[in-house]
Amino acid sequence: MTIDKIQEEIIDEFSMFEDWMQRYEYMIDLGKSLPLIEEEFKTQDYIIKGCQSKVWVHAKLQEDKLVFTADSDAIITKGIIAILIRAFSNQKPQDIIDANTNFIDEIGLKEHLSPTRANGLVSMIKQIKLYAVAYQTQLK
Amino acid sequence: MNITAIRKDFPILHREVNGKPLVYFDNAATSQTPQQVIDVIVDYYQNYNANIHRGVHALSQEATDKYEQARVTIQKHFNIAKSHEVIFTSGTTHSINMVANGFGAFLSVGDEIVVSALEHHSNIVPWQMLCERTGAILKVIPMNLEGELVMETYKELLTNKTKLVFCNHVSNALGTVNPVETIIQEAHKVGAAVLIDGAQAAPHIKADMQALDVDFYTVSAHKVCGPTGAGMLYGKEEWLKKLPPYQGGGEMIAEVTFEKTTYADLPHKFEAGTPNICGGIAFAAALDYMNTIGFNDIATYEEELLEYATEKLLTIDGLKIYGTATNKTAVISFNIEGLHPYDIGSILDKLGIAVRTGHHCAQPIMDFYKIPGTVRASFSFYNTREEINLLVEGVERARNMLL
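Protein chains in written order, with the numbering used here: chain A, 173 to 312; chain B, 329 to 731.
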């Protein structure tokens, strides 16, 4: 499935929620249900330091697609990570480079992606794009 | 104290956040501004905005008079001996850097600076920079589990090599009120100067500079119902005369030739460039406002709020309070077992409750407790028990959602 299609799917899912409580409960469930990253990658090398919550991101190339794993010590952040992974993992680097992240606005989680929120998520998206650029160069 | 009347003075307290009435418990980060102070700011720009100390025209004269009156108001509030010992700054960070920068002139390799373990980052970094520049050594007064400074160790740290002691009056992360009287007296015994950061104390405690016999003291206007970007550095005249100026520019010079510049007298030596004129005037208006309510009444009321909130919050399962000093201001730093402060703060925000989450720019304190941060609720005289009930309900709700 293309990144756009997945994002549409996520927006559809979130449109069913009536208020922030339901959205958050869903995110928290997502966060809880996903053991995202192997312990060996939860190190300083893979950490993205936000001011408040820590985020770890790891990427590896499987054939021509990038597979991301990530984690955070805060559960709501982890829920958003789960959504980002769903959108960007298992995609070709060039498609990741070209993709936009507007869907986060549309599912009502914009505030968590504000650069001033200091939770590591903005840097995480940047890191995802940087990995994609690096692997794209490698593929060439 | 008439809380209903007081709350009417603060327009912002009547707005909604995320569809809920705002509950503002981030007072240690910045306090809200009453209409009386907002009026002073508006009056300045509407009626006498002008550059000060140089114009011969009426507006400039009026602005200069108001600005200098503000200095006297601040002087009286802190019982400062001379008005030129009040230096207007942009706030505490600016004030501290002013001292840290100039103090290099009195330090040589091997001299020691003592700071407390309860410091805000802005209080640690300038001293680290100063030590790097001069070869002086930084020593730290440790804290105990309650978040109090270990005074026995402090006394042992003081030697004839100690040139400066630096400590906050009240800790921003935990609310601990430090025994600054003793800290100052002990430092003076070994001939060290003392700089006390009063940023967190000023909204709760009316500090008396002459009684404290402190050498330097800093305050930010925005913590005492005033505007951001204004504050003061108090310095004893003898120190301010010795301390080299921080910035070069207009206002701080007496005479300039290309060969030599002589500096202006105090306080202008430290007030280079056009200052935050309106900010200084509004700072004084804010102190006037708080004095009208009365610092004794404020302290009594805030202590009641602190007791009430502590008792209520502790009924929540797994809630732990960090900073349990006997003498503390109305600040509660807490965590819930198994939960990240960011998550709790995010849910409280959705409920219209403003708290601070994170390490509060005091990472060494968080490292001491081995936690990533805390949720910090800090109360002011305009807060109510009903708001505390909303906080407690909110935290319970967050706990149920997250666990």
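Don't be surprised by glycine CBs; every beta carbon is placed ideally from N, CA and C.
The model shown is predicted, which means the values in this text are computed figures rather than measured ones.
{"Item": "Members of the region 479 to 503 of chain B near chain A, C-beta cut-off 7 Å", "Value": "none"}
{"Item": "Buried/exposed call for glutamate 599 of chain B, threshold 16 Cβ in 10 Å", "Value": "buried"}
{"Item": "Straight-line gap, threonine 392 of chain B to glutamine 374 of chain B (C-alpha atoms, nearest Å)", "Value": "16 Å"}
{"Item": "Buried/exposed call for glycine 347 of chain B, threshold 16 Cβ in 10 Å", "Value": "exposed"}
{"Item": "Residues bridged to tryptophan 228 of chain A [DSSP beta-bridge criterion]", "Value": "A/Ile219 and A/Asp243"}
{"Item": "Status (buried if at least 16 other CB within 10 Å, exposed otherwise) for phenylalanine 586 of chain B", "Value": "exposed"}
{"Item": "Through-space distance from isoleucine 209 of chain A to valine 414 of chain B, alpha-carbon basis", "Value": "56 Å"}
{"Item": "Residue burial classification, glycine 526 of chain B (beta-carbon count within 10 angstroms, cutoff 16)", "Value": "buried"}
{"Item": "Those runs of the alpha helix (DSSP H) which lie wholly inside the region 633 to 697 of chain B and span at least 4 residues", "Value": "669 to 678 and 691 to 697"}
{"Item": "Residue(s) in a DSSP beta bridge with glutamate 440 of chain B", "Value": "B/Ile465 and B/Thr490"}
{"Item": "Exposure of glycine 554 of chain B, with buried meaning 16 or more beta-carbon neighbours within 10 Å", "Value": "buried"}
{"Item": "Three-state secondary structure assigned by DSSP to valine 305 of chain A", "Value": "helix"}
{"Item": "Three-state class that DSSP yields for alanine 558 of chain B in the structure shown", "Value": "coil"}
{"Item": "Cut-off 7 Å between Cβ atoms - residues of its own chain near alanine 614 of chain B, not counting five sequence neighbours on either side", "Value": "Val365, Ala549, Val552, Cys553 and Gly554"}
{"Item": "contact_flag[the region 409 to 429 of chain B, the region 618 to 633 of chain B] where n(CB pairs < 8 Å) is 3 or more", "Value": "no"}
{"Item": "From A/Gln179, A/Glu212, A/Ile220 and A/Ile268, residue whose alpha carbon lies closest to that of serine 295 of chain A", "Value": "A/Ile220"}
{"Item": "8 Å Cβ cut-off: residues of chain A touching tyrosine 670 of chain B", "Value": "Gln224, Ser225, Ala246, Ile248, Thr249 and Asn291"}
{"Item": "C-beta neighbour in chain A for lysine 733 of chain B, strict 7 Å", "Value": "As displayed, chain B neither begins before 329 nor continues past 731, which places residue 733 of chain B out of reach and without an answer."}
{"Item": "Cβ of tryptophan 228 of chain A within 7 Å of any chain B Cβ", "Value": "no"}
{"Item": "Bridge-paired residues (DSSP) for alanine 521 of chain B", "Value": "B/Leu492"}
{"Item": "Local conformation of aspartate 354 of chain B per DSSP, three classes", "Value": "strand"}
{"Item": "Interface positions of the region 195 to 207 of chain A facing chain B (Cβ-Cβ less than 8 Å), listed along the chain", "Value": "Tyr196, Glu197 and Ile200"}
{"Item": "Proximal chain A residues relative to serine 548 of chain B, where beta-carbon distance stays under 8 Å", "Value": "Chain A residues near serine 548 of chain B: none, gap ~21 Å exceeds 8 Å."}
{"Item": "Own chain, CB closer than 7 Å to leucine 466 of chain B, minus 5 neighbours either side, in chain order", "Value": "Ile441, Val443, Trp455, Gln456 and Cys459"}
{"Item": "Beta-carbon neighbours of proline 700 of chain B, restricted to chain A and to distances below 8 Å", "Value": "Gln224, Ser225, Lys226 and Asp245"}
{"Item": "Three CB pairs or more closer than 8 Å across the region 682 to 699 of chain B and the region 481 to 501 of chain B", "Value": "yes"}
{"Item": "7 Å Cβ cutoff, glycine 722 of chain B in contact with chain A", "Value": "no"}
{"Item": "Start-to-end residues for the alpha helix (DSSP H) that takes in glutamate 390 of chain B", "Value": "386 to 405"}
{"Item": "Rounded distance between the beta-carbons of leucine 293 of chain A and valine 227 of chain A, thought under 8 Å", "Value": "7 Å"}
{"Item": "Interface residues of chain A facing methionine 729 of chain B [CB-CB closer than 9 Å]", "Value": "Met193, Tyr196, Glu197 and Ile200"}
{"Item": "Residues of the region 681 to 696 of chain B with Cβ closer than 8 Å to any Cβ of chain A, in chain order", "Value": "Thr685, Gly686 and His687"}
{"Item": "Close beta carbons around isoleucine 511 of chain B, own chain, < 6 Å, minus the five adjacent residues each side", "Value": "Cys495"}
{"Item": "DSSP beta-bridge partners of isoleucine 415 of chain B", "Value": "B/Leu561"}
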